[in-house]
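J.:
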Amino acid sequence: MPELPEVETVRISLEPLILGARILEIRELTAGVLYNWTGHPEAASGSTVTGLRRRGKYLLLDLGPDLLLIAHLRMTGQFKYKDQPPAMVKHDHIVISLEKPESGRIWLVFHDTRRFGRIWLLRPDQASQIAGLASLGPEPLDPELDSETLRLRLARHSRTNLKAALLSQTVVAGLGNIYVDETLFLSGINPQRLSGSLSSQEAENLLACMQKILRAAVNARGTSVKDYVDALNVRGSFQYQLQVYGRTGQPCTQCGTPLAKTRLAGRTTVFCPNCQPV
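Start counting the sequence shown at 116; every next residue gets the next number (my numbering).
1) Quick one: what's got a C-beta closer than 7 angstroms to V340's C-beta in the same chain, skipping five residues either side?
2) Strictly by DSSP, which residues pair up with Y173?
3) Would you kindly check if the distance between the Cβ of L309 and the Cβ of N276 is under 8 angstroms?
4) Would R189 and F231 be called neighbours here (beta carbons separated by less than 8 angstroms)?
5) Quick one, are the C-beta atoms of V224 and K197 less than 8 angstroms apart?
6) Rounding to the nearest angstrom, what Cα-Cα distance links A279 and S273 in this structure?
7) Rounded to the nearest angstrom, how far is the Cβ of S160 from that of L139, given a contact under 8 angstroms?
8) Provide the residue span of the beta strand (DSSP E) that contains F300, from first to last.
9) Between which two residues does the beta strand (DSSP E) containing A375 stretch?
10) Spell out a yes or no on whether the stretch 254-264 and the stretch 321-335 are touching, meaning 3 or more CB-CB pairs, one atom from each, closer than 8 angstroms.
11) Rounded to a whole number of angstroms, what is the C-alpha to C-alpha distance between Q316 and L132?
12) For R220, which beta-bridge partners are listed by DSSP?
13) For Q356 and G337, what's the separation of their Cα atoms in angstroms?
14) Between which two residues does the alpha helix (DSSP H) containing T264 stretch?
15) I think L237 touches T153, with their Cβ atoms under 8 angstroms apart; what is that distance to the nearest whole Å?
16) Please name the residue, chosen from D177, S218, V287, L281, that lies closest to L379 on a Cα-to-Cα basis.
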């Protein structure tokens, strides 16, 4: 599933391509992927892309002051940029036709093999009705987020293990299985620890490690362990820097101990039993 670094990479790759473009048409090829809450089928036609933002794992396109297009890629969603009329292939669900003053007509295709992704077209005041978006915690890369705030937010889930709490988008926004495992390894904290057990010093270290991992992953344009690519079909490279995720049984890069796995919050969790003691 695309996590914060992957969605941010998609945003970065799309911004110079579609910012300032005028939407000609949004065409839905598969029912149930686009949620148009405006009540008007052609509501976006003629609007201009005035901004691209990310909130957690959500991508937000500002279409002037009165419209928003919000996308959640879920497991396998992809935006594909095309500067020639696209030939539709299986699992292409939405086609957005746009026009840029300097380059003419362009297209943005939403492709999703597993069809879990969702796109909403709505007014800005309706965004709070998307439950997952409205309940998001703070951005982990927000310079105003401090370790004590993180510690207190984790403490609200005091009887929950750290892996599950960090996966909860209400604690911090944008983390998924990959970056939770990598963050906990770098911080030397066992994923089975209870969320209410962190000291202030441990929370400070956890936040610093989280931010270090996420910044490195954004710089590497995300992790492409399966089918993730950006809008220009370019793969990320952070998979070559992974220390624990997907490395069960391999030697720890720090101490050589075989990496162990367990299942927490329904997710495979990989850790070093020596570097991350209970």
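Virtual Cβ for every residue (Gly too), placed ideally from N, Cα, C.
T.: In short, the structure shows the following:
1) The count along the sequence shown starts at 1 and reaches residue 340 at position 225. Taken in chain order, the residues that qualify are Q354, G361.
2) On the sequence shown, position 58 is the one that residue 173 refers to. Looking at the DSSP assignment, Y173 forms a beta bridge with R170, H187.
3) Reading the sequence shown from its first residue, position 161 is the one you call residue 276. Reading the sequence shown from its first residue, position 194 is the one you call residue 309. Yes, the Cβ-Cβ distance between N276 and L309 is below 8 angstroms.
4) Against the sequence shown, residue 189 aligns to sequence position 74. Against the sequence shown, residue 231 aligns to sequence position 116. Yes; because the gap between Cβ atoms is below 8 angstroms, this pair is in contact.
5) As a working mapping, residue 224 is identified with position 109 in the sequence shown. As a working mapping, residue 197 is identified with position 82 in the sequence shown. Result yes, Cβ atoms of V224 and K197 sit closer than 8 angstroms.
6) Residue numbering aside, residue 279 sits at position 164 when the sequence shown is read from its first letter. Residue numbering aside, residue 273 sits at position 158 when the sequence shown is read from its first letter. About 11 angstroms.
7) As a first step, residue 160 is located in the sequence shown; it is residue number 45 there, counting from the start. As a first step, residue 139 is located in the sequence shown; it is residue number 24 there, counting from the start. That belief holds up - the Cβ atoms of S160 and L139 are roughly 6 angstroms apart, short of 8 angstroms.
8) Counting from 1 along the sequence shown, the entry for residue 300 is found at position 185. Careful: F300 lies outside any beta strand (DSSP E), inside the alpha helix (DSSP H) at 292-302.
9) On the sequence shown, residue 375 is found 260 positions in, with the first residue counted as 1. Per DSSP, A375 belongs to the beta strand (DSSP E) from 375-379.
10) yes
11) Along the sequence shown, one-based indexing puts residue 316 at 201. Along the sequence shown, one-based indexing puts residue 132 at 17. Roughly 43 angstroms separates the two Cα atoms.
12) For the purposes of this step, residue 220 is identified with residue 105 of the sequence shown, where counting begins at 1. Paired residue(s): E214.
13) Numbered from its first residue, the sequence shown carries residue 356 at position 241. Numbered from its first residue, the sequence shown carries residue 337 at position 222. The alpha-carbon atoms of Q356 and G337 are separated by roughly 11 angstroms.
14) Mapped onto the sequence shown, residue 264 falls at position 149. Unbroken alpha helix (DSSP H) run through T264: 262-270.
15) The residue given as residue 237 occupies position 122 in the sequence shown. The residue given as residue 153 occupies position 38 in the sequence shown. Their Cβ separation, rounded to whole angstroms, is 6 angstroms, which keeps L237 and T153 in contact under 8 angstroms.
16) In the sequence shown, the residue the question calls residue 379 occupies position 264. Closest by alpha carbon: L281.
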